[in-house]
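Once you know that position 88 of the sequence shown is 78 in our numbering, the rest is easy, because the numbers rise by one and skip nothing. For each residue, glycine too, the CB sits at the ideal point set by N, CA and C.
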Amino acid sequence: MALGKVSVHNLNLGQGAVTEIERYFLIIGPGAKNVGQLIPLNNDSDLDAQLGIPPNDLKTQITAARQNGGDRWACVAAPIAADGDWTAALEKAQQQGFSVEGVVITKPVSTGAELSAMHDAAVAVSNTYGRRFFVLAAAAGITVQQTWNEYLGERQALTKDLLAPRVLVVPQLHGNDLGVLAGRLANAAVSIADSPMRVATGALMGLGETPQDKEGVPLPSAILAELDKARYSVPQTYPDYPGVYWGDGNMLDAPASDYQVIEYLRLADKAARQVRPLLIRRVADRRLNKTPASMAAAVSAFMKPLRAMAKSTTFAGQVFPGEIESPKDGDVVLVWKSKTSVELFLKIKPLNCPKDLTANIALDLSNDD
-9 MALGKVSVHN LNLGQGAVTE IERYFLIIGP GAKNVGQLIP LNNDSDLDAQ
41 LGIPPNDLKT QITAARQNGG DRWACVAAPI AADGDWTAAL EKAQQQGFSV
91 EGVVITKPVS TGAELSAMHD AAVAVSNTYG RRFFVLAAAA GITVQQTWNE
141 YLGERQALTK DLLAPRVLVV PQLHGNDLGV LAGRLANAAV SIADSPMRVA
191 TGALMGLGET PQDKEGVPLP SAILAELDKA RYSVPQTYPD YPGVYWGDGN
241 MLDAPASDYQ VIEYLRLADK AARQVRPLLI RRVADRRLNK TPASMAAAVS
291 AFMKPLRAMA KSTTFAGQVF PGEIESPKDG DVVLVWKSKT SVELFLKIKP
341 LNCPKDLTAN IALDLSNDD
């Protein structure tokens, strides 16, 4: 004999959105107030109250970032002492659960070993917390004792033979270049798939005064071109075209690597962040198995965030493309390595983007009526 029983359960199928952290940065640097604290900031924040009234490097870069970051700009500031250690601020942010897309370290580096340490720290955080980020680092600007050629040689030596794929380094030529780029990358009006070189994004705002060397020579475009070749990220101008813009966001990666520019790394990191929670939900879930129906369902689920990244919009006769091309069959593959171990392979394809444009003009001297 038995008694009747009825139960109703809410099933969680894991169909919700994954929280996005793109365009949210942790900015670490010497400050005049709240040293050792983590301070969330946005466009409404009083920087004098939070970072101190006296001029300081952190406040200078954050002011430039906010000016270029658009109406949804926000960040976490981490003031440190003039001789403070950025690694302590970074670890504190991880322990307090701040997930960010990028870490900006405003204190200029003087050796390649410091840049390598920043890359190593990014990898260590990924290994420990599963959080991916890139690092925006600063190199010193020119001093009043240097010519442009002397300065260039110093900068070239800093990055020579250096491999730090998660680090982008900006020479502080105008004093706030790092903050300007950080804001440009954080602007919500622009896709993370866009290069900071994109002219349609608009001219840089609030960039400091054009520097001169000890002989009074203003910053030459040839020096900017050589710094770009040395894998620095620098501003640029176009003759007879108003405004100052940016060049490529160069990562300190090896030649022939897939991640030599920041927009490619940002896309791969976003895809990884979107897929990771889907993997976690499937730990020891027998609904993911080797049967054809289960494999097809899993492939469809893992392709969903890629389809969202690829979604485009058509407005006023123009197509505003998604972040990547639409995924195709074969772009998501599941491989069972054993009865309990499965490996996922995903392929994302950035859209073509013109950075070197050439026009060829020919005369038509025919005598046709």
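Let me check one thing: in DSSP terms, what residues is Gln136 bridge-paired to?
The sequence position of residue 136 within the sequence shown is 146, counting from 1. Beta-bridge pairing links Gln136 to no other residue.
Alpha carbons only, please: which of Gln51, Ala291, Leu257 is nearest the one belonging to Arg271?
Taking the first residue of the sequence shown as position 1, residue 271 is located at position 281. Minimum Cα distance to Arg271 is reached at Ala291.
In the DSSP assignment, what residue or residues form a beta bridge with Asn240?
In the sequence shown, the residue the question calls residue 240 occupies position 250. Val251.
By the DSSP assignment, the alpha helix (DSSP H) with Thr330 in it spans what residues?
Here residue 330 corresponds to residue number 340 of the sequence shown, with the count starting at 1. First-last for Thr330: undefined, no H or E at that position.
Between Ala79 and Gly169, is the Cβ-Cβ spacing less than 7 angstroms?
By one-based count along the sequence shown, residue 79 stands at place 89. By one-based count along the sequence shown, residue 169 stands at place 179. The answer is no: Cβ separation not under 7 angstroms.
Quick one: what's got a C-beta closer than 8 angstroms to Leu194's C-beta in the same chain, skipping five residues either side?
For the purposes of this step, residue 194 is taken as residue 204 along the sequence shown, with counting starting at 1. Only Asn58, Val170, Arg174, Pro225, Gly233, Val234, Tyr235, Trp236 meet the Cβ criterion.
Buried or exposed, going by whether 16 or more other CB atoms sit within 10 Å of the CB of Arg256?
Along the sequence shown, one-based indexing puts residue 256 at 266. So Arg256 ends up on the buried side.
Whole angstroms are fine: how far does the CA of Ser(-3) sit from the CA of Gln250?
Residue mapping note: residue 250 aligns to position 260 of the sequence shown, counting from 1. Residue mapping note: residue -3 aligns to position 7 of the sequence shown, counting from 1. Each residue's alpha carbon lies about 56 angstroms from the other.
Starting from the N-terminal side, write out each stretch of the beta strand (DSSP E) that is 3 residues or longer and does not extend beyond the stretch -8 to 39.
15 to 20, 29 to 32
Ser302 beta carbon less than 7 angstroms from that of Pro311:
Walking along the sequence shown from the start, residue 311 turns up at place 321. Walking along the sequence shown from the start, residue 302 turns up at place 312. Cβ atoms of Pro311 and Ser302: closer than 7 angstroms.
Return yes when the Cβ of Leu153 is within less than 7 angstroms of the Cβ of Val90, no when it is not.
Reading the sequence shown from its first residue, position 100 is the one you call residue 90. Reading the sequence shown from its first residue, position 163 is the one you call residue 153. Against a cut-off of 7 angstroms, the Cβ pair of Leu153 and Val90 comes out as no contact.
Looking at Leu363: is its Cβ nearer than 7 angstroms to the Cβ of Gly239?
In this structure the chain extends from -9 to 359, so residue 363 is not present and cannot be described.
As assigned by DSSP and simplified to three states, the class of Pro340:
For the purposes of this step, residue 340 is taken as the residue at position 350 of the sequence shown. Coil, per DSSP.
Whose C-alpha, out of Lys97, Val125, Pro98, is nearest the C-alpha of Asp110?
As a working mapping, residue 110 is identified with position 120 in the sequence shown. With distances taken between Cα atoms, Asp110 lies closest to Val125.
At 4 residues or longer, what runs of the alpha helix (DSSP H) sit wholly inside the stretch 69 to 146?
76 to 85, 102 to 119
If you follow the beta strand (DSSP E) that Pro225 is part of, which residue opens it and which one closes it?
Position 235 of the sequence shown, counted from the start, is the residue given in the question as residue 225. Residues 225 to 228.
Extent of the continuous beta strand (DSSP E) run through Gln308
Taking the sequence shown and counting its residues from 1, the one referred to as residue 308 is at position 318. Looking at the DSSP string, the run of the beta strand (DSSP E) that includes Gln308 is 308 to 310.
Nearest-angstrom Cα distance between Gln86 and Asp319?
Walking along the sequence shown from the start, residue 86 turns up at place 96. Walking along the sequence shown from the start, residue 319 turns up at place 329. About 40 angstroms.
Using only the alpha-carbon positions, how far apart do Pro155 and Val94 sit?
Along the sequence shown, one-based indexing puts residue 155 at 165. Along the sequence shown, one-based indexing puts residue 94 at 104. If I take the Cα positions, the gap works out to 15 angstroms.
Sequence-distant residues of its chain with Cβ nearer than 6 angstroms to Gly74 (five each side left out)
Taking the first residue of the sequence shown as 1, we reach residue 74 at position 84. Within the same chain, Gly74 has no close Cβ partners at all.
Just how far apart, CA to CA, sit Ala83 and Leu31?
The residue labelled residue 83 in the question sits at position 93 within the sequence shown. The residue labelled residue 31 in the question sits at position 41 within the sequence shown. So the two alpha carbons sit approximately 14 angstroms from each other.
If we count Cβ pairs, one from each stretch, closer than 8 angstroms, do we get three or more for the stretch 213 to 220 versus the stretch 177 to 193?
no
Expected contact under 8 angstroms - CB spacing of Asp203 and Gln136 to nearest Å
Taking the first residue of the sequence shown as position 1, residue 203 is located at position 213. Taking the first residue of the sequence shown as position 1, residue 136 is located at position 146. Their Cβ separation, rounded to whole angstroms, is 6 angstroms, which keeps Asp203 and Gln136 in contact under 8 angstroms.
Is the CB-CB distance between Gly26 and Asn46 below 7 angstroms?
Residue numbering aside, residue 26 sits at position 36 when the sequence shown is read from its first letter. Residue numbering aside, residue 46 sits at position 56 when the sequence shown is read from its first letter. No; because the gap between Cβ atoms is not below 7 angstroms, this pair is not in contact.
Sorted by chain position, which residues of the same chain lie with C-beta nearer than 8 angstroms to Ala262's C-beta, five sequence neighbours on each side aside?
Counted from its first residue, the sequence shown places residue 262 at position 272. If we look at Ala262 and ignore the five residues flanking it on each side, its Cβ neighbours are Arg122.
Looking at the secondary structure, which residues open and close the beta strand (DSSP E) in which Val159 lies?
The residue labelled residue 159 in the question sits at position 169 within the sequence shown. Note, Val159: beta strand (DSSP E), 157 to 161.
Check this for me: beta carbons of Asn24 and Trp63, under 7 angstroms apart or not?
Here the question's residue 24 lines up with position 34 in the sequence shown. Here the question's residue 63 lines up with position 73 in the sequence shown. Going by C-beta atoms, Asn24 is not nearer than 7 angstroms to Trp63.
Does DSSP put Val322 in a helix, a strand or coil?
For this step, residue 322 is matched to residue 332 along the sequence shown. Three-state result, Val322: strand.
Rounding to the nearest angstrom, what Cα-Cα distance links Thr348 and Met299 in this structure?
If you number the sequence shown from 1, residue 348 lands on position 358. If you number the sequence shown from 1, residue 299 lands on position 309. For Thr348 and Met299, the distance between alpha carbons rounds to 30 angstroms.
Identify every run of the alpha helix (DSSP H) within the stretch 40 to 65, keeping only runs that are complete inside it and at least 4 residues long; order them along the chain.
47 to 58
Could you pull out every residue in the same chain whose Cβ sits closer than 8 angstroms to the Cβ of Tyr101, ignoring the five residues on either side in sequence?
Position 111 of the sequence shown, counted from the first residue, corresponds to residue 101. The sequence given here has Thr at residue 101, not Tyr. These residues qualify, in order along the chain: Leu148.
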